[in-house]
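Right, one structure below, let's go through it.
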Amino acid sequence: MNFTELLAAAREHPEALSVPATWAQGRAVFGGLMAALVHEAMRQKLVDDRPVRSLAITFVGPAAPDVPISLEVEVLRAGKAVSTLLGRAVQDGQVVTLVQGSFGAGRPSAVTVEAQPAMALKPLEQAAPELPYIKGVTPEFMRHVALRWAVGGLPFSGNDARHMGGWVRLRDVPEGPVEVAHLLALVDAWPPSLMPFLKQPAAGSTLTWTIEFVQPVAQLSTLDWCRYVVETEHAREGYGHAAAALWTAQGQLLALSRQTVTVFA
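Position 211, counted from 1, in the sequence shown is what the UniProt record's numbering calls 211; the numbers after and before it change by one each time, with no gaps.
Rendered as structure tokens:
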């Protein structure tokens, strides 16, 4: 199943969804996909089309592939402009992913502050070649995502640069407008920001993730490349704190992201 088909399954059968092993990230389902699936289930509980402004995501435990997952959503409050929802992905009776979402309609405001310019990257044609999917070497879900490094080092390269990133897009999806679910996958497709600091392979994962979306989402295609850069702000005792941003190829801000990541090295 490709990304589009899995999103449709989350909308149509949230009570029993199974993610194939081709979307695995180690022993767990790719976190960006898990967040996207819960978000899709949350959207079905809204009474109008107010857009998502922010999501606070906790990966409570690894969601196993090929095992049924139930997506449960609770509407905590539905106000005139803002709705607050709580979404859970439950597997074998245990919560594996927890998402709190704030969905808010726009309103007239006296305050307008433009985003900071996008960080400069090597042009797409000068960036590193597309990272290939290599069975047994790269995570399984990488067959569905294309990355081209333009800043910092690859995982386990011993590169101590605080910044990492480049160009990203989804593979094997039909052309269509980009939605928030796609942005979740594009941001989380990159490895934890601590990985390049290591000189040999070690396990690492995202513990908590907060992401905020610029609304309305810029008009772009699911086949378009986007820019992504993350900065590691601090790391100690196996935990790191990182801030990232995702932009269109032209430098229009799409999302702001913060993650607490873990590394077992």
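By construction, the Cβ of each residue, glycine as well, lies at the ideal position given by its N, Cα and C atoms.
Helix, strand or coil at residue i according to DSSP, with G and I counted as helix
i           : result
M164        : strand
residue 270 : Absent from the model: residue 270. The displayed extent of the chain is 1 to 265, so no value can be given.
F197        : helix
E74         : strand
F3          : helix
V173        : coil
Q100        : strand
L121        : coil
R27         : coil
A21         : helix
Q259        : strand
A10         : helix
Q116        : coil
Contact set for residue i: own chain, Cβ-Cβ below 6 Å, skip 5 residues either direction
i    : result
A9   : L17
V75  : K45 and L85
P191 : P155
L99  : Correcting the residue identity first, residue 99 is Val in this sequence and not Leu. Here the set comprises V38, L55, I57 and G87.
V96  : V60, G61, A63 and A89
T138 : none
A244 : V230 and S257
Cutoff 9 Å: residue i Cβ touching any chain D Cβ
i    : result
A118 : In the structure shown, chain D cannot be found, because there is only a single protein chain.
Residue i Cβ short of 8 Å to the ligand COA heavy atom set
i    : result
V217 : The ligand COA is not part of this structure, which contains no ligands at all.
Counted within 10 angstroms of its Cβ, other Cβ atoms place residue i as buried (16 or more) or exposed
i    : result
Y239 : exposed
S193 : buried
T112 : exposed
P117 : exposed
P177 : exposed
Q250 : exposed
A28  : buried
Q259 : buried
Span of the alpha helix (DSSP H), counted from its first residue to its last, around residue i
i    : result
E40  : G31 to R43
A181 : V180 to D188
Beta strand (DSSP E) segment containing residue i, residue limits
i    : result
R107 : Unbroken run through R107: none, as it is neither H nor E.
L86  : V82 to Q91
I57  : V52 to F59
Chain-order list of residues whose beta-carbon lies under 7 Å from that of residue i (same chain, five-residue window excluded)
i    : result
Q200 : F156
A218 : T248, Q252 and L254
A189 : G32, V145, L147 and V168
D107 : For the record, residue 107 in the displayed sequence is Arg; it is not Asp. Hits under 7 Å: A81.
D160 : F197
Own chain partners of residue i with C-beta closer than 8 Å, once the 5 adjacent residues on each side are dropped
i           : result
residue 288 : Because the chain is modelled from 1 through 265, residue 288 falls outside the range shown and cannot be assessed.
A128        : R148, W149, A150 and G166
H234        : G240 and H241
Original post:
In chain order, which beta strand (DSSP E) runs of at least 3 residues are fully inside the segment 203-252?
Top reply: 204-213, 226-236 and 239-248
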